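Novice:
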Amino acid sequence: MAMNSSVGFSASPRRRYHIVKSGQNLDSITKQYYGISVADIIKENNLKDPDHIVPGQRLIIPWKGVSHLVREGEYLELIAKAYAKAIGINWRSMMTQIKQSNGLYDPNKLRQNQKLFIPRAKKTLQIKIP
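Using the UniProt record's numbering, read the sequence shown as starting at 1 and increasing by one per residue.
(1) Decide if Ile-87 is buried, meaning its Cβ has at least 16 other Cβ atoms within 10 Å, or exposed.
(2) Would the stretch 21 to 33 count as touching the stretch 47 to 58 if we require 3 or more Cβ pairs under 8 angstroms?
(3) What do you get for Glu-74, buried or exposed, if any count of 16 or more other CB atoms within 10 angstroms of its CB means buried?
(4) Between Ile-61 and Ile-89, how many whole angstroms is the CB-CB distance? I'm expecting something under 8 angstroms.
(5) Pairing CB atoms from the stretch 75 to 82 with CB atoms from the stretch 94 to 109, are three or more of them under 8 angstroms?
(6) Inspect the beta-carbon positions of Pro-130 and Trp-63 and report whether they are closer than 8 angstroms.
(7) Nearest-angstrom Cα distance between Asn-45 and Arg-111?
(8) Taking Cβ to Cβ, would you say residue 133 is nearer than 8 angstroms to Val-70?
(9) For Ser-67 and Leu-104, I'd like the C-alpha separation in whole angstroms.
(10) Taking 8 angstroms as the cut-off, decide whether the C-beta atoms of Val-20 and Leu-59 are in contact.
(11) Measuring straight from C-alpha to C-alpha, what distance separates Lys-123 and Phe-117?
(12) Three-state secondary structure (DSSP) at Lys-81?
Here it is as structure tokens:
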């Protein structure tokens, strides 16, 4: 449950990278990341020749999603279930994605007014608190 605190964290997730392995191309790489297209990777990395990536090359993988401001009474499972339903995925998968993209090591320590990055979401939801 969210604790009463005005302390928040940036909803800008850390950069994530992919190290190209032998035999990979941009299409195979995008399949590993939800909602990311080949065009997204080309743009983020300013690739001149997208057909020429090499093993060991480090690519920036952009994030897509929205910012969610935690309200009093919200907790990670509740947030994950709401966004998972809106996106059409399993809520446990959504919870894992939220934890990973926000560096949440203890999901029970969400704070009121904390900003969370919600990957894949297209709009911020107003979550009904039970």
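Cβ atoms here follow ideal geometry from the backbone N, Cα and C, with glycine treated the same way. Model, not experiment: these values are computed from the prediction.
Specialist: A quick look at the data gives this:
(1) buried
(2) yes
(3) buried
(4) Not quite, the Cβ-Cβ distance comes to about 19 angstroms (not below 8 angstroms), so this is no contact.
(5) yes
(6) no
(7) 34 angstroms
(8) With the chain covering 1 to 130 only, the question about residue 133 has no answer from this structure.
(9) 15 angstroms
(10) yes
(11) 11 angstroms
(12) helix
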